[in-house]
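Right, one structure below, let's go through it.
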Amino acid sequence: MEATTFVLFGATGDLAKRKIYPALYNLYVDQKLPQSFSVIGLGRRELSDETFQANVEQSLRMFSRREAKDPVVLKNFVRAFRYSVLDVGRKEDYLKLLKLIEQQEAELRMEPNRLFYLSVGPEFFETIAANIQESGLGSANGWKRLVIEKPFGHDLQSARDLNRNLSKAFTEEEIFRIDHYLGKPMVQKLEVLQQSHPVLQALWGNHSMANVQITANEIVGVEERAGYYDHVGALRDMFQNHMLQLLMMLTIQLPNNSTSENVRFNKKQVMDSLEALNKEDVRSHVVRGQYGAGTIQGKSVVGYTSEPNIAANSQNDTFIAAKLQIANDAWRDVPFYIRTGKRMKDKSTRIVIEFKEPFVQAQSNDEDLTPNLIVFEINPNEGISLQFNTRDPQQQREFRPIHIDFHERGDNVPEAYENLIGDALHGDSTFFAHWDEVELSWQWVQPILDAYEENLVPLHRYEAGTYGPAESDELLAKDGFHWWFDDKPEQTIESIKGERYAYYTNR
Ligand code: NAP
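Quick note on full-length UniProt numbering: the sequence shown kicks off at 1 and runs consecutively.
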């Protein structure tokens with residue numbers, strides 16, 4: 001790999017500690033960092049290099065998936081870390097930074113390749129990009145890259161403004177927009193699975209699928225993020241980015257040996273084919289919810305508007321369920337139901353594909369008969385399960401569901417940030433959000449934002465510890481479907497523990 005200076009804005013922040021340092025450490029242990037590699041951490045507070053290195057070590061002890069206990073390995077790893085004070089708006093700090101980087105590059109005889117990682121609030125992105133350009137930090141002979149974290153804008157217009165300003169300093173090829181869902185190993189597998197597996201390839205699309213359900217349920221409430229979340233809500237925080245990215249990854253159709261460009265081009269095509277809603281249609285396609293008081297895992301919790309720092313009359317959404325349709329040959333007529341919410345009954349991110357009933361099963365009188373399913377478990381467990389019906393050997397006329405499960409587990413599975421930071425260091429943009437995807441996602445979501453703003457969509461309260469408002473169930477019931485794995489604990493995909501097998505053998 002090419003020599004790299006990793007310039008980290010926000011080096012004293014939460015994301016750096018919990019995700020970025022552990023990711024770099026695990027890449028280092030796996031020998032996936034460049035031979036010549038240095039990190040320059042930036043923040044406003046004064047820290048010596050030694051204190052900064054000690055803080056990095058401390059964060060590894062707390063958050064690394066692999067135990068960071070070998071003092072020699074740790075010492076070698078943190079040796080690459082330096083710290084410099086920088087206030088985002090102070091131009092002289094960038095010149096000081098340039099000097100430090102040039103000095104390091106000369107000492108270590110490194111090519112001037114610089115990756116700028118902005119782990120700071122989005123309000124600073126444009127100022128930092130402009131100062132990188134103005135100070136000369138971005139004009140050395142090597143390459144430069146910019147890594148940014150969502151949110152990329154607050155609505156369509158602000159996203160366009162942000163992109164226009166970033167583009168003055170970095171080209172699209174140089175911008176790596178992190179959507180950490182794209183770093184999750186199961187999501188990355190979606191891309192290759194349907195390409196490389198003949199069974200899945202044969203089943204992929206509207207000829208065999210009845211509907212697709214994408215769920216990301218959280219147990220937690222607003223936590224300490226009130227100031228941020230109350231202006232954002234589930235639609236902006238989860239749906240516009242993570243949920244639509246899952247939809248794109250699931251539905252792209254790629255040629256063999258596809259490149260990063262193929263993936264991005266196909267994702268754009270999916271977004272282009274997504275049937276647009278107008279403001280007036282939103283009410284019939286979208287369910288908007290906010291959690292009330294309830295019980296989660298045996299503990300009483302307050303409702304959203306009683307959370308600290310949330311206004312008693314807040315109309316913010318903590319839940320969304322939506323029905324989407326993709327108007328292309330592969331997916332026309334397959335409804336996609338997408339939902340995400342806080343204070344739900346259990347924590348899970350999964351995709352369930354329900355297949356159309358073959359003729360022979362549709363003829364059966366067995367009321368317990370369940371459709372054939374494929375389930376992609378993304379979080380907290382990772383795995384794929386197939387449920388398909390076959391004849392019961394004892395009762396020849398009856399069908400019985402059987403399961404096949406593939407799971408990966410243990411601390412061998414890299415974390416999303418490891419995958420993404422590794423890719424950014426390599427310059428591989430496959431699993432980063434291209435501007436076209438971001439813009440088209442905001443474009444699709446904008447009528448919903450407008451309809452919310454004008455109160456054209458009711459805000460349904462739901463009890464904490466449930467699966468959202470009843471209207472979310474009705475959204476599917478209207479089409480003759482239901483959400484899979486709700487309120488049927490015995491059906492929950494927990495095959496890692498073997499419980500699901502027990503359920504079906506008991507039947
Ligand atoms: P944080 O804990 O509040 O840290 C913010 C960092 O920015 C600190 O290092 C702070 O350093 C620095 N900073 C603030 N004002 C500055 C200024 N004027 N000049 C220079 N540095 C300044 O925030 P975070 O949770 O790490 O989040 C960072 C970014 O990642 C945000 O955009 C957030 O939306 C995004 N994100 C975070 C998470 C997460 O899990 N935390 C997840 C996804 C996305 P000093 O105080 O030393 O100046």
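The beta-carbon is built from N, C-alpha and C at its ideal position, and this holds for glycine as well.
query = Would the beta-carbon of Ala129 be found less than 7 Å away from any heavy atom of the ligand NAP?
reply = Walking along the sequence shown from the start, residue 129 turns up at place 129. It does not: the Cβ of Ala129 is nowhere closer than 7 Å to a heavy atom of the ligand NAP.
task = For Gln201, count neighbouring C-beta atoms within 10 Å of its own C-beta (all shown protein chains included) and say buried if the count is 16 or more, exposed if not.
result = Your numbering for residue 201 matches position 201 in the sequence shown. Flag for Gln201 reads exposed.
query = Between the C-alpha atoms of Thr492 and Asn211, what's the straight-line distance to the nearest angstrom?
reply = Position 492 of the sequence shown, counting from 1, holds the residue named residue 492. Position 211 of the sequence shown, counting from 1, holds the residue named residue 211. A caution first: Thr492 carries a pLDDT of 43, below 50, which makes its placement in the model unreliable, though a value can still be read off. Approximately 19 Å, taken between the alpha carbons.
query = For the beta strand (DSSP E) that Asn206 lies in, which residues bound it at each end?
reply = For this step, residue 206 is matched to residue 206 along the sequence shown. Neither: Asn206 is in no beta strand (DSSP E) and is coded neither H nor E.
inquiry  = Please classify Lys17 as buried or exposed, where buried requires at least 16 neighbouring CB atoms within 10 angstroms.
reply    = To locate residue 17, count along the sequence shown from 1; it is residue 17. Classification for Lys17: buried.
key: Segments of 4+ residues assigned as alpha helix (DSSP H) that fall wholly inside the region 134 to 216   = As far as the region 134 to 216 is concerned, its whole alpha helix (DSSP H) runs of at least 4 residues are 156 to 166, 185 to 196 and 198 to 203.
task = With hydrogens ignored, establish whether the beta-carbon of Thr356 is closer than 7 Å to any heavy atom of the ligand NAP.
result = In the sequence shown, the residue the question calls residue 356 occupies position 356. Before going on, a small fix: residue 356 reads as Lys here, not Thr. For the ligand NAP, not one heavy atom lies less than 7 Å from the Cβ of Lys356.
key: Trp143 versus Asp479, Trp444, Val222 and His426, residue with shortest Cα-Cα distance   = If you number the sequence shown from 1, residue 143 lands on position 143. Among Asp479, Trp444, Val222 and His426, the Cα nearest to that of Trp143 is on His426.
message = Measuring straight from C-alpha to C-alpha, what distance separates Gln31 and Leu440?
response = Translated into positions along the sequence shown, residue 31 becomes position 31. Translated into positions along the sequence shown, residue 440 becomes position 440. One C-alpha to the other measures close to 37 Å.
ask   = Any residues whose CB sits closer than 7 Å to a heavy atom of the ligand NAP? List them in chain order?
value = In chain order, the residues with a C-beta atom nearer than 7 Å to some heavy atom of the ligand NAP are Phe9, Gly10, Ala11, Thr12, Gly13, Asp14, Leu15, Ala16, Arg18, Lys19, Leu42, Gly43, Arg44, Arg45, Leu86, Asp87, Val88, Gly89, Ser119, Val120, Gly121, Pro122, Phe124, Glu149, Lys150, Pro151 and His180.
query = With Lys345 and Gly465 assumed to form a contact (beta carbons below 8 Å), what rounded beta-carbon distance in angstroms separates them?
reply = Your numbering for residue 345 matches position 345 in the sequence shown. Your numbering for residue 465 matches position 465 in the sequence shown. Right, their Cβ atoms sit about 5 Å apart.
inquiry  = Any contact between the region 32 to 44 and the region 63 to 74? By contact I mean 3 or more CB pairs, one from each, below 8 Å.
reply    = The region 32 to 44 vs the region 63 to 74: no contact.
message = My parser needs the beta strand (DSSP E) runs of 3 or more residues fully inside the region 436 to 470; what are they?
response = Listed in chain order, they are 459 to 464.
Spatial distance of residue 532 from Asn256 (CA atoms) = Outside the shown range of the chain, which is 1 to 507, sits residue 532, and nothing can be said about it.
Own chain, CB closer than 7 Å to Pro122, minus 5 neighbours either side, in chain order = Taking the sequence shown and counting its residues from 1, the one referred to as residue 122 is at position 122. Correct list, in chain order: Pro151.
request  = In the DSSP assignment, find the unbroken alpha helix (DSSP H) run with Tyr417 in it and report its ends.
outcome  = Here the question's residue 417 lines up with position 417 in the sequence shown. Ala416 to His426 is the extent of the alpha helix (DSSP H) around Tyr417.
task = Could you check what DSSP says for Asn379 in three-state terms: helix, strand or coil?
result = Position 379 of the sequence shown, counted from the first residue, corresponds to residue 379. Strand.
task = Would you mind sorting Ala451 into buried or exposed? The rule is 16 or more other CB atoms within 10 Å of its CB.
result = Stepping through the sequence shown from its first residue, residue 451 is reached at position 451. Ala451 is buried by the Cβ-count criterion.
Close Cβ partners of Leu15 (< 6 Å) along its chain, the five nearest in sequence each way excluded = Along the sequence shown, one-based indexing puts residue 15 at 15. Cβ-Cβ distances below 6 Å link Leu15 to Ser119 in the same chain, with the five nearest sequence neighbours on each side left out; the list follows chain order.
ask   = Just to check, is the beta-carbon of Val220 closer than 7 Å to a non-hydrogen atom of the ligand HEM?
value = In the structure on display, the ligand HEM does not appear, and the ligands it does have are the ligand NAP.
key: Per DSSP, cross-strand counterpart(s) of Arg82   = Numbered from its first residue, the sequence shown carries residue 82 at position 82. The partner list for Arg82 (beta bridge, DSSP) reads Ile40.
message = Judging by CA-CA distance, which residue of Glu126, Gln213 and Ile101 is the nearest neighbour of Gly89?
response = What you label residue 89 is simply residue 89 of the sequence shown in a count that begins at 1. The residue with the shortest Cα to Cα distance from Gly89 is Glu126.
query = When we look at the beta-carbon of His434 and count the other beta-carbons within 10 Å, is it buried (16 or more) or exposed?
reply = In the sequence shown, residue 434 corresponds to position 434, counting from 1. With 16 or more Cβ atoms within 10 Å of its Cβ, His434 is classed as buried.
ask   = Sorted by chain position, which residues of the same chain lie with C-beta nearer than 8 Å to Glu173's C-beta, five sequence neighbours on each side aside?
value = Walking along the sequence shown from the start, residue 173 turns up at place 173. Sequence-distant Cβ neighbours of Glu173 in its own chain, meaning closer than 8 Å and more than five residues away, are Ser429.
Close beta carbons around Asn141, own chain, < 7 Å, minus the five adjacent residues each side = Here residue 141 corresponds to residue number 141 of the sequence shown, with the count starting at 1. So the list reads Pro112, once near-sequence residues are dropped.
Inter-residue spacing [alpha-carbon to alpha-carbon] between Tyr25 and Arg339 = By one-based count along the sequence shown, residue 25 stands at place 25. By one-based count along the sequence shown, residue 339 stands at place 339. Pairing Tyr25 with Arg339, the inter-Cα distance amounts to about 34 Å.
ask   = What residues in its chain sit with their C-beta under 6 Å from that of Lys91, if we drop five residues either side in the sequence?
value = Within the sequence shown, numbered from 1, the residue matching residue 91 stands at position 91. Answer for Lys91: no residue qualifies.
request  = Would you mind working out which of Val287, Trp331 and Leu137 sits nearest Met271, comparing C-alpha positions?
outcome  = If you number the sequence shown from 1, residue 271 lands on position 271. Cα-wise, what sits closest to Met271 is Trp331.
ask   = Can we say the region 298 to 312 touches the region 220 to 233, given the rule of at least three CB pairs closer than 8 Å?
value = Taking 8 Å as the limit for Cβ pairs, the verdict is that the region 220 to 233 does touch the region 298 to 312.
ask   = On the three-pair Cβ rule with 8 Å, is the region 58 to 65 touching the region 97 to 114?
value = When C-beta atoms of the region 58 to 65 are compared with those of the region 97 to 114, fewer than three pairs fall below 8 Å, so the two segments do not count as touching.
inquiry  = Distance check for Val445 and Arg164, CA to CA, integer angstroms please.
reply    = Taking the sequence shown and counting its residues from 1, the one referred to as residue 164 is at position 164. Taking the sequence shown and counting its residues from 1, the one referred to as residue 445 is at position 445. Those two C-alpha atoms are separated by around 20 Å.
ask   = Which word fits Val352, buried or exposed, when buried means at least 16 other C-beta atoms lie within 10 angstroms of its C-beta?
value = For the purposes of this step, residue 352 is identified with residue 352 of the sequence shown, where counting begins at 1. Counting the other Cβ atoms within 10 Å of the Cβ of Val352 gives 16 or more, which makes it buried.
message = Pop quiz: Asn309 and Gly227 are said to be a contact at Cβ under 8 Å. What is the actual Cβ separation, rounded to whole angstroms?
response = As a working note, residue 309 is residue 309 in the sequence shown. As a working note, residue 227 is residue 227 in the sequence shown. Asn309 to Gly227, Cβ: 6 Å. Contact.
ask   = What's the C-alpha gap between Pro414 and Val187?
value = The residue you call residue 414 lines up with position 414 of the sequence shown. The residue you call residue 187 lines up with position 187 of the sequence shown. About 13 Å.
Residues bridged to Val222 (per DSSP) = The residue labelled residue 222 in the question sits at position 222 within the sequence shown. Answer by DSSP bridge pairing: none, since Val222 is not bridged.
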